[in-house]
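Take a look at the structure set out below.
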Ligand code: 4NP
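In the working numbering, the protein residues as written are -14 to 139.
Next up, the structure:
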């Protein structure tokens, strides 16, 4: 079965689209067959493209995310995805609360996949400046590499 990964943050316009882009790029580099998507626990940005600062950051690193659109996480996601990866603890606890009894997805934090950074959050760059988005990018790339390596050897 093809592994499938859903990244979840609050708005689905900053961190989780960057995580989606980073894992898509890493899967392509490894020629790993993966389904990748992202969603938000909130619905304010449903239908919106990623934040312009997130788009610019991804583009600087060679990935065009302008066609991504925000959506809210839904119960079916817990049955459809093998892995749901939260960007921080608030989102992880909301996911635990939303998970239906017949959900199959394994829940984790993004940085659980980075040795030495288990249990740490990817900070929300939304209210900061553009530098924060570069930090986010570096963190989601580390998480994506760790996760892809794990999925490859599974
Ligand atoms: P994200 O960042 O969860 O990384 O997409 C945010 C985006 C929007 C808002 C908060 C965080 N907001 O309050 O609209």
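Every residue, glycine too, gets a C-beta built ideally from N, C-alpha and C.
Keep in mind the model is a prediction, meaning the values are calculated, not measured.
Residue of the options minimising C-alpha distance to residue i
{"i": "residue 127", "options": "52, 113, 105 and 26", "result": "105"}
{"i": "residue 38", "options": "133, 4, -6 and 114", "result": "114"}
{"i": "residue 123", "options": "89, 61, 46 and 68", "result": "46"}
{"i": "residue 69", "options": "-14, 134, 137 and 5", "result": "5"}
{"i": "residue -2", "options": "24, 131 and 16", "result": "24"}
{"i": "residue 141", "options": "-6, 134 and 22", "result": "The structure shown has nothing for residue 141, since the chain only spans -14 to 139."}
Status (buried if at least 16 other CB within 10 Å, exposed otherwise) for residue i
{"i": "residue 30", "result": "buried"}
{"i": "residue 42", "result": "buried"}
{"i": "residue 98", "result": "buried"}
{"i": "residue 35", "result": "buried"}
{"i": "residue 110", "result": "buried"}
{"i": "residue 103", "result": "exposed"}
{"i": "residue 14", "result": "exposed"}
{"i": "residue 140", "result": "Summary: the structure shown does not reach residue 140, with the chain confined to residues -14 through 139, and so no result is reported for it."}
{"i": "residue 91", "result": "exposed"}
{"i": "residue 81", "result": "exposed"}
Residue i - DSSP class collapsed to helix/strand/coil
{"i": "residue 93", "result": "strand"}
{"i": "residue 63", "result": "helix"}
{"i": "residue 52", "result": "coil"}
{"i": "residue 19", "result": "coil"}
{"i": "residue 71", "result": "strand"}
{"i": "residue 118", "result": "helix"}
{"i": "residue 105", "result": "coil"}
Heavy atom of ligand 1 within 7 Å of residue i beta-carbon
{"i": "residue 33", "result": "no"}
{"i": "residue 1", "result": "yes"}
{"i": "residue 30", "result": "yes"}
{"i": "residue -9", "result": "no"}
{"i": "residue 88", "result": "no"}
{"i": "residue -5", "result": "yes"}
{"i": "residue -2", "result": "yes"}
{"i": "residue 47", "result": "no"}
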